[in-house]
Amino acid sequence: KYLRLRYSTPGTVFEYCDAPIIMLSEPSAIRDNVRALEFRFGEECRGLLEEGVLAPQLTGFYEDMTHILRLCEKHGGIACENFTRTMPELHIAETVSAPAHALSAWGGEVATLKEDLRPLVNQDYAVAVLAGTPRAAAALAKDLTADGFNAAVFEKAPDDVPKGLVAVMAGHLSAGVEYPFARFAVITSRKHNQESEKGKPKKAKNKGLSSLSDIKAGDYVVHQNHGIGVYVGIQRLDLQGVVKDYIKISYEKGDTLYVPVTQLDVISRYTAPGAGEKVKLSKLGGDAWVKTKSRVRKATQEMAKELIELYAKRERAQGFPFPEDGDWQRDFETRFEYDETQDQLTSTAEIKKDMERPHPMDRLLCGDVGVGKTEVALRAAFKCVMGGKQCAILVPTTILAWQHYNTLLSRMEAFPVKIALLSRYRTAKQKAETIKQLANGTVDVVVGTHSLLQKSVKFNNLGLVIIDEEQRFGVKHKERLKETFIGVDMLTLSATPIPRTLNMALSGLRDMSTIEEPPIERRPIETYVLEHDEMIIAEALKKELARGGQAYYIHNRIDTIDASAERLGKLVEGARIATAHGRMNEEELSSVWQKLLDGDIDILVCTTLIETGVDVRNCNTLVIEDADKMGLAQLYQIRGRVGRSGRKAYAYFTFKRDRVLTDIASKRLSAIREFTSFGSGFRIAMRDLQIRGAGSLLGQSQHGHMESVGYDMYVKLLNQAIAEEKGEVRAPDKSDCLLDIAVDAYIPENYIADAAARIEAYKRIAAIQTADDADDVRDELTDRYGDLPKSAEGLIDISLVRIVAAQRGIYEITQKKDAVLLYSDKLDIESLKPLLKDMGRRLMLNASGKPYLSVRIFNGEAPLTVVRDVVEKMK
Numbered sequence: 002k003y004l005r006l007r008y009s010t011p012g013t014v015f016e017y018c019d020a021p022i023i024m025l026s027e028p029s030a031i032r033d034n035v036r037a038l039e040f041r042f043g044e045e046c047r048g049l050l051e052e053g054v055l056a057p058q059l060t061g062f063y064e065d066m067t068h069i070l071r072l073c074e075k076h077g078g079i080a081c082e083n084f085t086r087t088m089p090e091l092h093i094a095e096t097v098s099a100p101a102h103a104l105s106a107w108g109g110e111v112a113t114l115k116e117d118l119r120p121l122v123n124q125d126y127a128v129a130v131l132a133g134t135p136r137a138a139a140a141l142a143k144d145l146t147a148d149g150f151n152a153a154v155f156e157k158a159p160d161d162v163p164k165g166l167v168a169v170m171a172g173h174l175s176a177g178v179e180y181p182f183a184r185f186a187v188i189t190s191r192k193h194n195q196e197s198e199k200g201k202p203k204k205a206k207n208k209g210l211s212s213l214s215d216i217k218a219g220d221y222v223v224h225q226n227h228g229i230g231v232y233v234g235i236q237r238l239d240l241q242g243v244v245k246d247y248i249k250i251s252y253e254k255g256d257t258l259y260v261p262v263t264q265l266d267v268i269s270r271y272t273a274p275g276a277g278e279k280v281k282l283s284k285l286g287g288d289a290w291v292k293t294k295s296r297v298r299k300a301t302q303e304m305a306k307e308l309i310e311l312y313a314k315r316e317r318a319q320g321f322p323f324p325e326d327g328d329w330q331r332d333f334e335t336r337f338e339y340d341e342t343q344d345q346l347t348s349t350a351e352i353k354k355d356m357e358r359p360h361p362m363d364r365l366l367c368g369d370v371g372v373g374k375t376e377v378a379l380r381a382a383f384k385c386v387m388g389g390k391q392c393a394i395l396v397p398t399t400i401l402a403w404q405h406y407n408t409l410l411s412r413m414e415a416f417p418v419k420i421a422l423l424s425r426y427r428t429a430k431q432k433a434e435t436i437k438q439l440a441n442g443t444v445d446v447v448v449g450t451h452s453l454l455q456k457s458v459k460f461n462n463l464g465l466v467i468i469d470e471e472q473r474f475g476v477k478h479k480e481r482l483k484e485t486f487i488g489v490d491m492l493t494l495s496a497t498p499i500p501r502t503l504n505m506a507l508s509g510l511r512d513m514s515t516i517e518e519p520p521i522e523r524r525p526i527e528t529y530v531l532e533h534d535e536m537i538i539a540e541a542l543k544k545e546l547a548r549g550g551q552a553y554y555i556h557n558r559i560d561t562i563d564a565s566a567e568r569l570g571k572l573v574e575g576a577r578i579a580t581a582h583g584r585m586n587e588e589e590l591s592s593v594w595q596k597l598l599d600g601d602i603d604i605l606v607c608t609t610l611i612e613t614g615v616d617v618r619n620c621n622t623l624v625i626e627d628a629d630k631m632g633l634a635q636l637y638q639i640r641g642r643v644g645r646s647g648r649k650a651y652a653y654f655t656f657k658r659d660r661v662l663t664d665i666a667s668k669r670l671s672a673i674r675e676f677t678s679f680g681s682g683f684r685i686a687m688r689d690l691q692i693r694g695a696g697s698l699l700g701q702s703q704h705g706h707m708e709s710v711g712y713d714m715y716v717k718l719l720n721q722a723i724a725e726e727k728g729e730v731r732a733p734d735k736s737d738c739l740l741d742i743a744v745d746a747y748i749p750e751n752y753i754a755d756a757a758a759r760i761e762a763y764k765r766i767a768a769i770q771t772a773d774d775a776d777d778v779r780d781e782l783t784d785r786y787g788d789l790p791k792s793a794e795g796l797i798d799i800s801l802v803r804i805v806a807a808q809r810g811i812y813e814i815t816q817k818k819d820a821v822l823l824y825s826d827k828l829d830i831e832s833l834k835p836l837l838k839d840m841g842r843r844l845m846l847n848a849s850g851k852p853y854l855s856v857r858i859f860n861g862e863a864p865l866t867v868v869r870d871v872v873e874k875m876k
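So the mapping is simple: the working numbering equals the position in the sequence shown, first residue as 1, plus 1.
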């Protein structure tokens, strides 16, 4: 409190630096935080002044933000902003925009690296690959060259990397990066986000470990036996001369659990719907987690039973086998004005094959926004009509119904197909006429909202139901669907990605086709996130109109939407502007929509009602107000409304000037700006979308169960339940056996210096399932880092012993002084007789309480070697 008596002015870090180059990371966020700190500090000083602790002339402990910014300007430097924001306090001499995208790391998987390199090299990118160690860099360059890449090793970063060259170097980065404007990319070996990697090795790996790929202190994790806790970090402990690394997890009331890194496979990241909120931690040692897990296991068993019964019922049910394609079908498909992607052709073939079977189809067609699901569905609808059956297309919104209706009229105009629309945008007379024509078979294809589910709607000869965005229908509507369309082919379209692990769990129970590849002519959407600036927005809209295009302007408040449209009219003079929202009646909305399709509207000011399925190919500029208030999935879907032709599209996500963004909103807007290419909803690890996808596939009743144990644990339990219900004998898993005995088991820092690379190595060792896996890991680590130290060999040996022990029914191995105890519920004298005869003097069977076999360890013996000998000889 006497600091100002000694120093006349507060000293800052600038006084200690000689001609510094200053880099400000997010200066607007720094400003907001400093203002908050100044206010709080001022309040604290006021209290101290009133109490007489501080003298009025001695309160200047810091320089204010304005003075700090003046110092920054004096020394010169760089201000890096994630989003375009105004800062009148900071005089910017020059603004440079450098779009960049994060790239997945290859994590030692060369096949993954090659898959990621090819499109970059084909686009004439210069690529730098960081391989970890110099030895690994040399081996990688040799491998890439042998596979046809122009690759070379560089001891240090070159000043310039020629286009098309892959420069391989030693080193690590926390993540890779791509600069499209410079055609330059850096790919790092550290596994930054394993979920987003496309190429997966064929070797068996523990699926649960992938969720730990980028875990950091403070993240929630799930231990399969102890429940939900907080990951603290890796800690090395020396217990009675035995050195091991442990995963430190904090539980309720600050209780701590140390898990040997050899048991990393029993831990997974906690992810669930709503996981961004406060998560309730489990109590260490209590039975609440056991009860929760038991409840979820029961729910998954019931669900597995229901799924398998549905599947069996579907296989028994008699459906209509549609005939093979005829000339009209081939003619219809050749009239498609674009080149199909391979994914579209594959999905179409899978659907047709199902339709030609004598059992009802139930297939899910999953694909990102704009990848061409509608065309695949239209081909199925046409095949249905050619087979003499009716087709119903069920959609969640009236706008989407109108959109599909117009698309059908356009695509099928050359063929004798009668198409009808049934929604609230039809008069009572029109609805009655359509219902009558459906009943007498006059209508071939009908598009409708939930109006199609009315009991008054009867079909003459229904053959196929196509449901677009099934997850947007309520529970009652879904129940009505099941009752109404028994024995009819069902095709469901979803733009919500389904996690691959869940897809695998349900494979064979629900047929699924996936379209990941974007149409050939599609280009990435140029995305900007910025403070709302009317001049910038006006220029963007004028630019779109000048090239003959149209634009969407999202204003999600109906009460002020007309005022917003009026304001836009003044900014963009001469533009034809209209509004659209959910309170408009049928005639108004359909009129606006038709004018937009006909090109009579330049800018449509609307609410988020365009979110689903709307396809106006001439609309290629999108502006969203208050984007920070929307969810990531919603923003992603809305952006998918532009860029649906070969023309370059632009999206502007804006937020109010001077608004302090929350951390979640900032991350959400960063993600939407970064992931701009079509299909990225599948290729990136966008957990928000993936967990929504899980919920939509499983149903709302399973959401609570997923939240209570986490996504990874839920899928594991579901897998087990499905296998049991099918009557499959579950193979013992290494995670069924916990082992903790006196053997050094850790990776020294002088072997792998980088902490993240060390965790990656622990994961690879924990994923070992066979002796071949162990050999692969040894070879990989030796190749990258040199000969394995003894303590790392101990980790691999423990993994191998756990595998064999689990196969013998042993669920726990612990050491007590000079004996190792092997716990198992399958121990009996008869089965152990040969072993007791051979090793009798060191073995003792305890059959009371928790049965265990005690194995005595004599002086000088390695406990792990003895245990391995025992479990290998057990039957």
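From the three backbone atoms N, C-alpha and C, an ideal C-beta is built for every residue, glycine too.
Member of the options whose CA lies at the smallest distance from the CA of residue i
i, options, result
"residue 1", "854, 122, 548", "Shown here, the chain extends from 2 to 876; a query on residue 1 therefore has no answer."
"residue 323", "489, 229, 176", "489"
"residue 737", "806, 146, 10", "806"
"residue 855", "814, 170, 423", "814"
"residue 558", "245, 539, 584", "584"
"residue 160", "56, 177, 592, 127", "127"
"residue 470", "458, 547, 370", "370"
"residue 381", "467, 460, 441", "467"
"residue 89", "659, 833, 723, 852", "659"
"residue 300", "547, 715, 823, 808", "715"
"residue 325", "311, 349, 436, 94", "349"
"residue 136", "101, 172, 148", "172"
Alpha-carbon to alpha-carbon, residue j and residue i
i, j, result
"residue 719", "residue 663", "36 Å"
"residue 784", "residue 632", "45 Å"
"residue 530", "residue 425", "36 Å"
"residue 602", "residue 393", "31 Å"
"residue 96", "residue 621", "26 Å"
"residue 199", "residue 569", "Note that residue 199 scores a pLDDT of 33, beneath 50, so its modelled location is shaky and nothing firm can be said."
"residue 485", "residue 454", "8 Å"
"residue 139", "residue 772", "28 Å"
"residue 598", "residue 389", "32 Å"
"residue 873", "residue 281", "42 Å"
"residue 131", "residue 803", "34 Å"
"residue 865", "residue 260", "18 Å"
"residue 151", "residue 26", "36 Å"
"residue 66", "residue 656", "24 Å"
"residue 50", "residue 39", "16 Å"
"residue 361", "residue 516", "22 Å"
"residue 753", "residue 746", "14 Å"
"residue 334", "residue 308", "35 Å"
"residue 860", "residue 226", "34 Å"
"residue 197", "residue 42", "At residue 197, the pLDDT of 32 sits below 50, so the modelled position is not reliable; the number obtained from the coordinates is stated separately. The alpha-carbon atoms of residue 197 and residue 42 are separated by roughly 44 Å."
"residue 878", "residue 408", "Nothing in the structure corresponds to residue 878, since the chain is present only between 2 and 876."
"residue 158", "residue 670", "32 Å"
"residue 36", "residue 643", "39 Å"
Rounded distance between the beta-carbons of residue j and residue i, thought under 8 Å
i, j, result
"residue 337", "residue 464", "In fact, because the Cβ distance is near 22 Å, the residues do not count as touching under 8 Å."
"residue 384", "residue 419", "Actually they do not touch by this definition, with Cβ atoms about 16 Å apart."
"residue 387", "residue 330", "6 Å"
"residue 650", "residue 726", "Going by Cβ atoms, the distance from residue 650 to residue 726 rounds to 47 Å, so no, they are not a contact pair."
query: Okay, do the segment 758-770 and the segment 822-836 touch, 3+ Cβ pairs below 8 Å being the bar?
result: Between the segment 758-770 and the segment 822-836, the count of Cβ pairs shorter than 8 Å is below three; the stretches do not touch.
query: Is there contact between the segment 610-630 and the segment 549-556, where contact requires at least three CB pairs shorter than 8 Å?
result: Counting Cβ pairs under 8 Å, three or more are found: they touch.
The segment 789-805 / the segment 763-777 touching (three or more Cβ pairs under 8 Å): yes
- prompt: Using 8 Å as the threshold, is the segment 531-539 in touch with the segment 345-359, meaning 3 or more CB pairs across them?
  reply: no
- prompt: Fully enclosed by the segment 29-103, which beta strand (DSSP E) runs are 3 residues long or longer?
  reply: 78-81
query: For the segment 104-132, which segments carrying the alpha helix (DSSP H) assignment without a break, of at least 4 residues, lie completely within its bounds, in sequence order?
result: 111-123
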